[in-house]
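Undergrad:
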Amino acid sequence: MTKATKIVLASFVLALATVGFAQEAATANTVGGPDDMYRGLRAIGAGLALGLGAVGTGIAQARIGSSLVGAVAEDPSKAGSLLLYFLIPETLVIFGFLALFILN
């Protein structure tokens, strides 16, 4: 891991660690109850599930796509079977959508 990666990772951890302390204390007059209190955190989790899944899919498909073009240039008869490898990372986005609907 490079130094820049460690710095970015540490800043994300510190930024997300403060979210737990920013919550208001629950009072007896709470309208929505405990389920209403975590609505924002569920939305953040759903956004992260979809967003990070899409970023991971984009990175994976970029690398697989360049290799796919090289392999098809050498042997065009394998294009159909190699296309399956290009579609496999798309399941990350599908799981992200699933998590989005489960969390909301």
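Numbering (mature numbering (1 follows the signal peptide of the UniProt record, and there is no 0)), first residue to last: -22 to -1, 1 to 82. A virtual CB, placed ideally from N, CA and C, is assigned to each residue, including glycine. Small disclaimer: the values here were computed from a predicted structure and weren't measured.
With H, G and I counted as helix, E and B as strand and the rest as coil, what does DSSP make of residue 15?
TA: The count along the sequence shown starts at 1 and reaches residue 15 at position 37. The answer is helix: DSSP assigns residue 15 an H, G or I state.
Undergrad: Our contact map puts residue 27 next to residue 74 with C-beta atoms below 8 Å; I'd like the distance itself, whole angstroms only.
TA: Translated into the one-based positions of the sequence shown, residue 27 becomes position 49. Translated into the one-based positions of the sequence shown, residue 74 becomes position 96. Contact flag correct, Cβ pair sits at about 5 Å.
Undergrad: How far does the alpha helix (DSSP H) with residue 69 in it extend, from its first residue to its last?
TA: In the sequence shown, residue 69 corresponds to position 91, counting from 1. It spans 68 to 81 - the alpha helix (DSSP H) in which residue 69 sits, taken as one unbroken run.
Undergrad: Is there contact here, the region 57 to 75 with the region 22 to 36, by at least three beta-carbon pairs under 8 Å?
TA: Here the region 57 to 75 lies against the region 22 to 36, with 3 or more beta-carbon pairs under 8 Å apart.
Undergrad: Quick check on residue 19: buried or exposed, where buried means 16 or more other Cβ atoms within 10 Å of its Cβ?
TA: Translated into the one-based positions of the sequence shown, residue 19 becomes position 41. Burial call: exposed.
Undergrad: Among the candidates 60, -12, 55, whose CA atom is the shortest distance from the CA of residue 45?
TA: The residue labelled residue 45 in the question sits at position 67 within the sequence shown. Ranking the options by Cα distance to residue 45, first place goes to 60.
Undergrad: Report the rounded CA-to-CA distance for residue 79 versus residue 21, giving the unit in angstroms.
TA: Indexing the sequence shown from 1 puts residue 79 at position 101. Indexing the sequence shown from 1 puts residue 21 at position 43. Going from the Cα of residue 79 to the Cα of residue 21 covers about 10 Å.
Undergrad: Going by DSSP in three states, residue -21 sits in which element: helix, strand or coil?
TA: On the sequence shown, position 2 is the one that residue -21 refers to. Assignment of residue -21 by DSSP, reduced to helix, strand and coil, places it in the coil class.
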